[in-house]
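In what follows, a single structure is set out as C-alpha cells and then discussed.
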Amino acid sequence: MEYSHNGKLITFEGCEGVGKSTQIRLLAEYLERRGIDALFTREPGGTALGERVRELLKDESAEMFPETELLLFEAARCENTRRVIVPALEAGRLVVVDRYIDSTTAYQSFGRGLDRRDVEYLNRYATGGVRIDLTIFLDAPPFANTSRSASDRMELAGRAFHDRVYAGYRAIGGECGRFEFISTREDKYATAREIVAALEKHGVLT
Ligand code: TMP
Numbered sequence: 003m004e005y006s007h008n009g010k011l012i013t014f015e016g017c018e019g020v021g022k023s024t025q026i027r028l029l030a031e032y033l034e035r036r037g038i039d040a041l042f043t044r045e046p047g048g049t050a051l052g053e054r055v056r057e058l059l060k061d062e063s064a065e066m067f068p069e070t071e072l073l074l075f076e077a078a079r080c081e082n083t084r085r086v087i088v089p090a091l092e093a094g095r096l097v098v099v100d101r102y103i104d105s106t107t108a109y110q111s112f113g114r115g116l117d118r119r120d121v122e123y124l125n126r127y128a129t130g131g132v133r134i135d136l137t138i139f140l141d142a143p144p145f146a147n148t149s150r151s152a153s154d155r156m157e158l159a160g161r162a163f164h165d166r167v168y169a170g171y172r173a174i175g176g177e178c179g180r181f182e183f184i185s186t187r188e189d190k191y192a193t194a195r196e197i198v199a200a201l202e203k204h205g206v207l208t
C-alpha cells in the first residue's frame, strides 16, 4: 500500500533519557507560537488500544518472548497509523511521532537480537509503508541527560541492551538518508533551535 497525501511525517528517535520528551514539548510550543498546526502522537500509544498495549509493554511483571514484544509494538503501531497518523496526513497536517519504526529496528532487532528482515517486514506491514519525511535522532548515549533511574520493563533491560540499541540507531541512521543526527547539548534551548533548523533545511518548515 502507498499512501498519497500532502502532509508531512516527522519522527523523533533516541535512547532512553536523552531528553526526547523535553525536545518534543519545546517543538510543540514553538509551532504553537508560530501558529503552525501539527498533530503530536507517540508510540507505543496514540490510541485507546495503543495506550493499553503500552501499559503491558512497560509492566515489569509482564513476562514475554521478544517475538511477542515485537508483535505488541507493531499492533499498537498498526492502530495508531491507520486511526490517527494517516487521516492527519491525508488532511495535509504536519504529524510528529514520538518513536516509530526505527525504535523497533533499534530495540527489537539490534537490542533483542530478532532478525532484522522480520522486523522490517512487520514495520512495513503495520504502517502500510507510510513514508517518513524526516527523522530527528537525538544522538546521545542511553541515560546521558537524565538523573532519574530506570523504572519500567524496557528501561530495566540492562546497560548492554541499551548500548546495542544506541549502536543500532547509529547504524540505521547511517544507512538511510532521512536521519538528522542532533547531538544533545547542555542548553536544551540550543538543541531545540538545531531541531527547528533541521526542519527548515528539509523543507518541513519554511
Ligand atoms: P518511551 O517512548 O516513553 O521512552 O517508552 C517507550 C519504550 O518502548 C522505550 O523503552 C522504547 C521502547 N520501544 C521499543 O522497544 N520498540 C518500539 O517499537 C517502540 C515504539 C518503543
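Residue numbers (my numbering): 3 to 208.
For every residue, glycine included, the Cβ atom is placed at its ideal position computed from N, Cα and C.
It should be emphasised that the depicted structure is a prediction, and the values quoted were computed from it without experimental measurement.
Cβ-based burial, residue i [other Cβ within 10 Å; buried from 16]
| i | result |
| --- | --- |
| Phe67 | exposed |
| Gly21 | buried |
| Ile38 | exposed |
| Cys178 | exposed |
| Thr208 | exposed |
| Asp100 | buried |
| Glu92 | exposed |
| Ala162 | exposed |
C-alpha distance - residue i paired with residue j, whole-angstrom precision
| i | j | result |
| --- | --- | --- |
| Ala64 | Thr70 | 11 Å |
| Asn82 | Gly175 | 23 Å |
| Gln25 | Tyr32 | 10 Å |
| Ala30 | Arg114 | 32 Å |
| Arg166 | Ile184 | 19 Å |
| Ser23 | Cys17 | 11 Å |
| Phe145 | Ile103 | 21 Å |
| Ile12 | Ser6 | 16 Å |
| Lys60 | Gly9 | 31 Å |
| Arg187 | Gln110 | 28 Å |
| Glu157 | His164 | 8 Å |
| Arg118 | Arg84 | 24 Å |
| Thr43 | Val55 | 15 Å |
| Tyr191 | Arg172 | 24 Å |
| Gly170 | Thr107 | 8 Å |
| Thr148 | Gly19 | 5 Å |
As assigned by DSSP and simplified to three states, the class of residue i
| i | result |
| --- | --- |
| Val99 | strand |
| Ser185 | strand |
| Leu116 | coil |
| Gly48 | coil |
| Glu65 | coil |
| Leu207 | coil |
| Cys178 | coil |
| Ala93 | coil |
Short CB-CB distance (under 8 Å) between residue i and chain B
| i | result |
| --- | --- |
| His7 | No chain B is part of this structure, which consists of one protein chain only. |
Using 8 Å as the Cβ pair cut-off and three pairs as the minimum, do the region 44 to 58 and the region 127 to 139 touch?
Cβ pair count under 8 Å is below three, so no.
Whole beta strand (DSSP E) runs in the region 126 to 160 with 3 or more residues, listed along the chain?
136 to 141
With a threshold of 8 Å, are at least 3 pairs of Cβ atoms found where one atom belongs to the region 32 to 46 and the other to the region 87 to 99?
yes
Could you name each continuous beta strand (DSSP E) segment of 3 residues or more that falls completely within the region 5 to 45, going from the start of the chain to the end?
As far as the region 5 to 45 is concerned, its whole beta strand (DSSP E) runs of at least 3 residues are 10 to 16 and 40 to 44.
Is there contact between the region 117 to 132 and the region 70 to 79, where contact requires at least three CB pairs shorter than 8 Å?
yes
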